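Colleague: Handing you this structure, nothing more for now.
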Amino acid sequence: METVVFALLNGLIYGLLLFMLSSGLTLIFSMMGVLNMAHASFYMLGAYFAFTLGQHTGFWFALFLAPICVGAAGACVEKWGLRKVHARGHVAELLFTFGLAYVIEELVKIVWGKFAVAYEIPPELNYSLFELFGSQYPAYRIFMLAVSIAMLAGLWYLLKRTRIGLIIQASLTHPHMVSHLGHNVPRIFMLVFAAGCALAGLAGVIGGNYLVTEPSMAFSIGPIVFVVVVVGGMGSLEGAFIASLLIGFLQTFAISIDSSFAEIFSFAGLSADGDIGRITIASLAPMLPFLLLVLMLMLRPRGLMGEREF
Amino acid sequence: MTDYSLDRVPDLAPSVRYKFATRVLPLLLLALILLSIPLFEPSRTWLSLFNAIGINMVFALSYNMLLGQAGMLSFGHAVYFGLGGYAAMHGMNAIENASYDGGLWAAFPMFALPLVGFAGGALAGAVIGWPSCRRAGVPFAMISLGIAELVAAAGFMFISVFGGEEGITGDRMNGVELFGLSLGPLGEVYWFIAFWTFLGVALMYAFTRTPLGKLAQAVRDNPERVQFVGYNPNRVRYLVFIAAGGFAGLAGGMSAVNYEIFTPESLSVIPSGLVLLMAFIGGARYFAGPILGAVVLTYMQSNLSDYSEAWLLYLGLLFIGMILFAPGGLAGLLLSGTTALRQSLSGKGLVRAGAFAISALLSATGVIVLVELAVRHSNGFGEAFEPFSFHLAPDQMMPWAVGLVLAGVGIGSLKVLSRQGGMGS
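Chains A and B, in that order, give the protein sequences. FYI, in my numbering the residues of the first sequence are 1 to 310. FYI, in my numbering the residues of the second sequence are 1001 to 1425.
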């Protein structure tokens, strides 16, 4: 019972963090058809910007400033980089963002050093909010939950209830028609790219001190974000939301189960010696999203909620 | 009525001389280079560098069978290199065991071990390619990424096969000797690598001339029309994938004999990314591109990392610069440079090419100065950047200004030049 409740809570928080990352990526992906390999690098930039800004302005200002800086960086990348390779097809764009991920990681190593920086939870939130089954539950995690839900509500309102959202949705499916109506579609693309990067930056600000802020953080979470986008389906925020929670729960539950295959097999009356018996469910946790990715691409290529194959 | 008899149709086939110059001569040149390297009596460091270059050449060419020939972007090609290498490694240990207790492996020469790697890589390609080659483009790239992560994680889990963190080791000085090579000293390993490098390059070149190789290019350019002609593009992709896996495994087998160790890290996404960089920076559209890329990147990897901590940054910048401005890679640049030279010795074109080269050099120098200063500034040891007996200290304003001006002038003039009419791209 205990493990289930904790895994549910932690899975929810991890899932919402993943959604913050993947919502931007899936918007960019469905609008421009480019799967941004450097998206997680913007998440990393968010954490590092918040660390540096936080030293001067404090955490609360950094919470707003850092995503704006990351968004500006994203806009520059779109305007001076991605737009140029766009004409050469999706594979060239994929390669460009792949190279960009390399460059950002090396730049971060030069500016902030090769090791993790001491980006810490703000003292105002560094206490335990309530007690659950005898263990303290940190307030910061509930804060993360609140920020994620606020972002979710804001994004939903922006896309579904405002004129801007209407234009963005229209340029997803009918870019030519939107430009005939007099809207500057390349600028909309740039703004969506910047907004997506800013969301990733926000995820970095609140996730960087919850996890670790180090140069390899982009590399470790990046592939998982792809999995979310692909499993959720192209262009579907709802699908990305479901997939984020699914993977969040899947990973946290798998980590909390510490039994090995040998135990499971012996429970079922079988015996497993050697390597397979030694593998625990917990050690399989990092592999599960990729298994899901490969199965999904083979069996249902349009993902959970996608409208078209990509 | 005019009679168009056959003898009045001009002969469209390339002449024997042309065929020899474009198809046979480059391979002969490669063989000549490989044969002449030991004449210069290179030191041990150079020999091991040449061995690494040979392995990477075959690996990068096998990657380009996918990227350049069939248009399949893979983020997990090291899986086949690694699995082939592991197969060769187990073969090496089987030969060693058989040399004590006898058995089938006792008759297998160590020299032929890359064949085991080829078989291992091709088998892995046949198994993994079956599900992944049903999709092309971005889905294929994503599947390859997922499979690479899965295999890399499995590599650390199945200790009896992959040897866990420390990998498995072997001894190459066992079994039947071929060509009188014991494979003990580095000089003899060089002949082994040179032999297999030449064979791999020649076979992969021959592959591009086969109907399957031609079909692969057709699938890259227009899969729909290939379907109209009556071929199944997925099957073409699958067959090319198996062949590419096999040659990657061949490179893995060469690496197994050269280093006598294989670790699960060789299966991971990092070497997969590196081979992608090699093929692309060299020039994926040309057969010789990956060869160039392998030479340049392996040299950078082993030597530049001594000079600069930021060599990976330079690599990334080079890669991005290539994507943005020279999609043909180094091979494309060389080719357009030589044709420009040949066509426009008149003067104007030469001036333009020279201006391009100078401004590219200026901007590169500026960027290098800035990056090196930043590296030393963030290290905080108070070191200065001292190229060619200049003294550039990161705590002064002047060196930064010099770097900024150099980079600004270089990039600005590149922009002006490209606005006057693009070169190459």
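Using N, Cα and C, we set each Cβ at its ideal position, and we do this for glycine too. Bear in mind that the values here come from a model prediction, so they are computed numbers and not experimental data.
By the 8 Å beta-carbon criterion, what residues does the stretch 212-241 of chain A contribute toward chain B?
Modeller: The residues in question are Pro223, Phe226, Val227, Val230.
Colleague: Pull up the CB-CB distance for Leu1330 (chain B) and Gly1293 (chain B), whole angstroms please, since I reckon it's below 8 Å.
Modeller: Contact flag correct, Cβ pair sits at about 7 Å.
Colleague: Under 8 Å, CB to CB, which of the residues in the stretch 1150-1166 of chain B have a partner in chain A?
Modeller: Within the stretch 1150-1166 of chain B, the qualifying residues are Leu1150, Ala1153, Ala1154, Met1157, Phe1158, Ile1159, Ser1160, Val1161.
Colleague: Across which residues does DSSP place Ile1261 (chain B) in a beta bridge pair?
Modeller: Ile1261 (chain B) is bridged to B:Thr1169.
Colleague: Would the beta-carbon of Val225 (chain A) fall within 8 Å of that of Ala47 (chain A)?
Modeller: No; because the gap between Cβ atoms is not below 8 Å, this pair is not in contact.
Colleague: Kindly indicate which residue of A:His90, A:Ala62, A:Ala72, A:Leu12 has the alpha-carbon position closest to the one of Gly208 (chain A).
Modeller: Selected option, being the one with the closest Cα: A:Ala62.
Colleague: Decide if Ser1425 (chain B) is buried, meaning its Cβ has at least 16 other Cβ atoms within 10 Å, or exposed.
Modeller: Any reading at Ser1425 (chain B) must be qualified, since the residue scores a pLDDT of 39, below 50, and its modelled position is unreliable; the value itself is stated next. It is exposed - the Cβ of Ser1425 (chain B) has fewer than 16 other Cβ atoms within 10 Å.
Colleague: Within the stretch 138-224 of chain A, note down every full alpha helix (DSSP H) run reaching 4 residues or more, in order along the chain.
Modeller: Listed in chain order, they are 139-161, 163-173, 175-180, 185-208.
Colleague: From the DSSP secondary-structure annotation, give me the bridge partner or partners of Phe130 (chain A).
Modeller: DSSP output for Phe130 (chain A) lists A:Tyr137 as bridge partner(s).
Colleague: Are the stretch 69-80 of chain A and the stretch 181-195 of chain A in contact at 8 Å, needing three or more beta carbon pairs?
Modeller: Cβ pair count under 8 Å is three or more, so yes.
Colleague: Decide if Ser1343 (chain B) is buried, meaning its Cβ has at least 16 other Cβ atoms within 10 Å, or exposed.
Modeller: According to the sequence displayed, residue 1343 (chain B) carries Gln and not Ser. Label assigned to Gln1343 (chain B): exposed.
Colleague: By the 9 Å beta-carbon criterion, what residues does the stretch 1221-1238 of chain B contribute toward chain A?
Modeller: For the stretch 1221-1238 of chain B, which is checked against every Cβ of chain A, not one residue is closer than 9 Å.
Colleague: How many Å lie between Leu1150 (chain B) and Gly1403 (chain B) at the Cα?
Modeller: Distance between the alpha carbons of Leu1150 (chain B) and Gly1403 (chain B) is about 44 Å.
Colleague: Do you know offhand how far Val1269 (chain B)'s Cα is from Ser1015 (chain B)'s?
Modeller: Going by the C-alpha atoms only, they are around 45 Å apart.
Colleague: Give me the subset of the stretch 159-191 of chain A whose CB atoms are less than 7 Å from a CB atom of chain B, sorted by chain position.
Modeller: So the list is empty, because no residue satisfies the distance condition.
Colleague: Does the stretch 1188-1200 of chain B come into contact with the stretch 1292-1309 of chain B, if we say contact requires no fewer than three beta-carbon pairs (one atom in each stretch) closer than 8 Å?
Modeller: Taking 8 Å as the limit for Cβ pairs, the verdict is that the stretch 1292-1309 of chain B does not touch the stretch 1188-1200 of chain B.
Colleague: Kindly provide the ranges of any alpha helix (DSSP H) runs that are 4 or more residues long and lie completely inside the stretch 1037-1121 of chain B, ordered along the chain.
Modeller: With a minimum length of 4 residues, the continuous alpha helix (DSSP H) runs that stay inside the stretch 1037-1121 of chain B are 1044-1064, 1078-1101.
Colleague: Assign Ile164 (chain A) to buried or exposed, taking buried as 16 or more other Cβ atoms, counted over all protein chains shown, within 10 Å of its Cβ.
Modeller: With fewer than 16 other Cβ atoms within 10 Å, it is exposed.
Colleague: Beta-carbon within less than 6 Å of Gly1459 (chain B)'s beta-carbon, same chain only, minus the 5 sequence neighbours each way: which residues are those?
Modeller: It is not possible to answer for residue 1459 (chain B), since the shown part of chain B is limited to 1001 through 1425.
Colleague: Buried or exposed for Trp80 (chain A), going by 16 or more other Cβ atoms inside 10 Å?
Modeller: Classification for Trp80 (chain A): exposed.
Colleague: Which residue or residues does DSSP assign as beta-bridge partners of Phe1385 (chain B)?
Modeller: Partner(s): B:Leu1392.
Colleague: Cβ closer than 7 Å: which chain B residues qualify as neighbours of Arg88 (chain A)?
Modeller: Here the neighbours are Pro1327.
Colleague: Secondary structure at Leu313 (chain A), three-state DSSP: helix, strand or coil?
Modeller: This structure does not reach residue 313 (chain A), given that chain A is present from 1 up to 310, and the question cannot be answered.
Colleague: Determine, for Gly1146 (chain B), whether the minimum Cβ-Cβ distance to residues of chain A falls below 8 Å.
Modeller: Taking Cβ atoms only, chain A reaches closer than 8 Å to Gly1146 (chain B), which makes this a yes.
Colleague: Go to Leu78 (chain A), then tell me how far its alpha helix (DSSP H) extends in each direction, as first and last residue.
Modeller: Correcting the residue type first, residue 78 (chain A) is Glu in the shown sequence and not Leu. Run containing Glu78 (chain A): none; DSSP gives neither H nor E here.
Colleague: What does the Cβ neighbour count give for Pro215 (chain A), buried or exposed, with the cut at 16 atoms within 10 Å?
Modeller: Buried, because 16 or more other Cβ atoms sit within 10 Å of the Cβ of Pro215 (chain A).
Colleague: Between Thr1208 (chain B) and Phe1287 (chain B), which are expected to be in contact by the criterion C-beta below 8 Å, what is the C-beta distance as a whole number of angstroms?
Modeller: That belief holds up - the Cβ atoms of Thr1208 (chain B) and Phe1287 (chain B) are roughly 6 Å apart, short of 8 Å.
Colleague: May I ask which residues mark the beginning and end of the alpha helix (DSSP H) holding Arg1209 (chain B)?
Modeller: That run of the alpha helix (DSSP H) goes 1186-1209.
Colleague: Taking its Cβ as the centre, do 16 or more other Cβ atoms sit within 10 Å of Gly204 (chain A), making it buried, or is it exposed?
Modeller: Label assigned to Gly204 (chain A): buried.
Colleague: I want to see whether chain B comes within less than 8 Å of Val70 (chain A), judged by CB atoms only; does it?
Modeller: No - not a single Cβ of chain B is within 8 Å of the one on Val70 (chain A).
Colleague: Determine whether the Cβ of Gly81 (chain A) lies closer than 8 Å to any Cβ atom of chain B.
Modeller: Yes, contact with chain B.
Colleague: By Cβ distance, which residues of its chain are closer than 8 Å to Gln1396 (chain B), with the 5 residues on each side in sequence left out?
Modeller: If we look at Gln1396 (chain B) and ignore the five residues flanking it on each side, it has no Cβ neighbours.
Colleague: Does the pairing of the stretch 230-238 of chain A with the stretch 99-107 of chain A give three or more beta-carbon distances under 8 Å?
Modeller: The stretch 230-238 of chain A is not in contact with the stretch 99-107 of chain A.
Colleague: What is the DSSP secondary structure of Leu1178 (chain B), reduced to helix, strand or coil?
Modeller: Strand.
Colleague: Can you grab the Cα-Cα spacing for the pair Val228 (chain A) / Ser22 (chain A), in whole Å?
Modeller: The straight-line gap from Cα to Cα measures roughly 7 Å.
Colleague: Are Arg1135 (chain B) and Pro289 (chain A) closer than 8 Å when you measure CB to CB?
Modeller: Not in contact: Arg1135 (chain B) and Pro289 (chain A) (Cβ atoms no closer than 8 Å).
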